[in-house]
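From first to last, the protein sequence lines are chains U and R.
Residue numbers for the first sequence follow this note's numbering, beginning at 775 and rising by one.
Residue numbers for the second sequence follow this note's numbering, beginning at 270 and rising by one.
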Amino acid sequence: MISPFGALLGTLTRLRGVRASLVVDENDGIVVESNLQIGQDGDRVAALAASLYRKARLSARAARLGTATFMQLEAERGRICAAGHNDLVLVVVADPAANIGMIRVEMIKAAGALP
Amino acid sequence: MADDVRRWSDELARDPASLVFLPLGETLRRQGQLDLALKIAMRGLERHSHNADAHDLLARISVDRGELQRAFDEWDMVLRLTPSHVGALKGMAFVRYQQGNTAEAEQYLQRAAEQGGDAAIDAARAKMRGAGQGARDAGRGAISDELPARSAPLATHHASDSRALFADILGEHEQTALLLDDQGLVLAGVYLGEDGSDVGAEVGAELSGMTDSARRAARHLDIGDWRAIVLETEVAVVTMGPSAGDGLLLVAASKATPLGLVRRVLDRCLERARRWLEGGR
């Protein structure tokens with residue numbers, strides 16, 4: 775079966791420092807499609823990232839900041855980036871030294887193409 | 270004057286970030302168009318939340334509307350931003366005078382005189398020392414300049430020193446910062462809403478809830494302690510970082526502000542918060 779998100783995820787995963795890229799259902803945190811490096815637990819990443827993005831989106835709306843378009847969690851040994859569209863969330867896990875500017879641009883562009 | 274109002278209004282329509290809202294708001298206030306003046310001042314403060322003159326304008330409008338305590342709080346903010354602001358000191362003296370607190374009013378006049386206030390201040394202080402209603406009426410004009418005299422019940426609110434903790438870091442940019450404790454309660458900073466009121470408590474409570482999710486995600490994904498969250502929305506860029514005692518520092522800026530700049534401002538504010546929480550500034 776040809777995945778509708780394969781090319782999109784492939785583009786993201788080729789960016790320097792990207793360990794995993796996924797399309798996740800925001801409501802239940804289930805993986806729709808993923809492109810993972812060895813050792814990445816896609817289900818866990820999907821559930822946690824979707825939960826975090828959902829929380830960010832709801833918090834932003836409650837704080838009257840409008841619709842969330844991009845979120846990044848920066849930690850000591852990695853980053854989680856998320857951009858949503860409708861009920862889908864595009865998630866990227868990256869190294870601390872990754873070019874986050876490039877990842878952000880590509881993710882926002884790709885999120886806009888989600889159905 | 271009508272031409273000026275039209276010109277300033279046109280300029281503000283062309284450039285909403287223009288500072289012409291200051292003379293425009295003041296002119297409307299003097300003309301008695303208080304609702305319109307208030308609207309102009311509020312919009313100006315949204316974009317220039319750390320501009321002392323903007324807070325001064327809002328204070329003057331508030332006095333005209335009979336909102337003495339609000340005026341006092343705005344002048345208090347002016348002093349946090351510009352400690353030598355004679356107009357704010359005179360305004361606060363006026364409010365305290367109207368509230369019947371002559372002793373405190375005189376203290377503010379004393380401070381205004383020390384900052385190089387005019388002869389009218391000395392005259393007001395001299396008359397105030399004479400006490401009595403006659404002196405009170407005579408002193409009113411000198412204290413308040415062109416501000417109308419209104420009465421208001423004595424309020425007990427005192428603005429916190431901590432509101433302007435990050436003011437010099439944020440400058441005149443469209444940025445704001447809040448320091449929250451582990452319960453999501455505001456410790457320092459200010460966040461002005463669309464109507465110019467401080468909505469820091471509300472925004473802080475909503476956004477601080479994200480940190481639990483961030484902590485959980487970082488732990489389960491084994492990527493170490495979280496250092497920052499960047500959240501972009503249609504209208505704003507919000508960055509958050511952990512502060513001492515499981516607290517949270519939040520910096521928000523308009524969407525037009527470069528992301529890297531907001532991130533650097535967050536780092537500077539975190540350092541300021543750390544020193545402040547340790548007891549110094």
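Note that CB positions come from ideal geometry on N, CA and C, so glycine has one too.
When the beta-carbon positions are compared, U:Leu-832 and R:Val-504 stay at least 8 Å from each other.
DSSP places R:Gly-516 inside the beta strand (DSSP E), whose first and last residues are 516 to 523. Contact residues of the stretch 809 to 830 of chain U toward chain R are Arg-818, Val-819, Leu-822, Ala-823, Ser-825, Leu-826, Lys-829 and Ala-830 (C-beta to C-beta distance below 8 Å). The alpha carbon of R:Gln-444 has as its nearest neighbour, out of R:Val-531, R:Asp-515 and R:Met-361, the alpha carbon of R:Val-531. Interface residue (Cβ-Cβ distance to chain U less than 8 Å): R:Thr-296 is not classified as such. Taking a cut-off of 8 Å on C-beta distances, the stretch 809 to 816 of chain U does not touch the stretch 282 to 296 of chain R, as fewer than three cross pairs fall below it. U:Leu-888 and U:Ala-837 have their C-alpha atoms some 26 Å from each other.
Between U:Glu-800 and U:Ala-824 a beta carbon distance of about 5 Å is seen, short of the 8 Å cut, so the two are scored as contacting. For the C-beta of U:Leu-888, not a single chain R residue is nearer than 8 Å; the gap to the nearest is close to 17 Å.
The residue among U:Ser-795, U:Glu-850, U:Val-805 and U:Asn-860 with its C-alpha nearest the C-alpha of U:Arg-878 is U:Ser-795. Taking a Cβ-Cβ cut-off of 8 Å, the neighbours of R:Asp-494 in chain U comprise Ala-849 and Glu-850, given in sequence order. Taking U:Ile-854 as the centre and dropping the five residues before and after it, the same chain places the C-beta of Ala-823, Leu-847 and Val-867 closer than 6 Å to its C-beta, in chain order. Taking CB atoms only, U:Phe-844 has a neighbour in chain R less than 8 Å away. Of all residues in the stretch 496 to 509 of chain R, those with a C-beta nearer than 8 Å to a C-beta of chain U are Arg-496, Ala-497, Ile-498, Val-499, Leu-500, Glu-501, Thr-502, Glu-503, Val-504, Ala-505 and Val-507, reading in chain order.
For R:Leu-476, the residues of chain U that pass the 8 Å Cβ criterion are Ser-833, Ala-834 and Ala-837, in the order they occur in the chain.
When Cβ-Cβ separations below 8 Å define contact, U:Gly-780 makes no contact with chain R. Rounded to whole angstroms, U:Asp-869 and U:Gly-886 show a C-alpha spacing of 24 Å. Counting of Cβ neighbours within 10 angstroms places R:Ile-309 among the buried residues, the total reaching 16 or more.
About 6 Å separates the beta carbon of R:Leu-350 from that of R:Ala-436, a gap short enough to meet the 8 Å contact definition. By the neighbour-count criterion, in which a residue is buried when 16 or more other Cβ atoms sit within 10 angstroms of its Cβ, R:Ala-525 is exposed.
From the listed residues U:Gly-780, U:Val-798, U:Arg-851 and U:Val-792, the smallest Cα separation to R:Arg-496 is found for U:Arg-851. Nearest CB-CB separation between R:Val-455 and chain U: not below the 8 Å threshold.
Taking R:Gln-384 as reference, the option from R:Gln-452, R:Glu-373, R:Gln-367 and R:Lys-359 with the minimal CA-CA separation is R:Lys-359. At a C-beta separation below 8 Å, U:Gly-840 has these neighbours in chain R: Thr-502, Glu-503, Val-504 and Ala-505. Contact between R:Leu-291 and R:Val-274 is absent: CB atoms are separated by about 13 Å, not below the 8 Å threshold.
Judged by beta-carbon spacing, R:Ala-374 lies beyond the 8 Å limit of R:Asp-325, meaning their Cβ atoms are not closer than that value. With respect to R:Arg-543, R:Ala-513 sits close: the two C-beta atoms are nearer than 8 Å. Bounds of any beta strand (DSSP E) do not take in R:Ile-309; it lies within the alpha helix (DSSP H) bounded by 303 to 316. Counting the other Cβ atoms within 10 Å of the Cβ of R:Gln-367 gives 16 or more, which makes it buried.
The alpha-carbon of R:Trp-277 is positioned some 10 Å away from that of R:Arg-283. Beta-carbon to beta-carbon, U:Asn-809 and U:Leu-783 are separated by about 4 Å, close enough to satisfy the 8 Å threshold. Rounded to the nearest whole angstrom, the C-alpha separation of U:His-859 and R:Val-455 is 32 Å. Taking 8 Å as the threshold, the shortest C-beta distance from U:Ile-854 to chain R falls below it.
Counted as a single uninterrupted DSSP element, the alpha helix (DSSP H) harbouring R:Gln-376 occupies residues 371 to 383. It is roughly 42 Å from the alpha-carbon of R:His-317 to the alpha-carbon of U:Arg-788.
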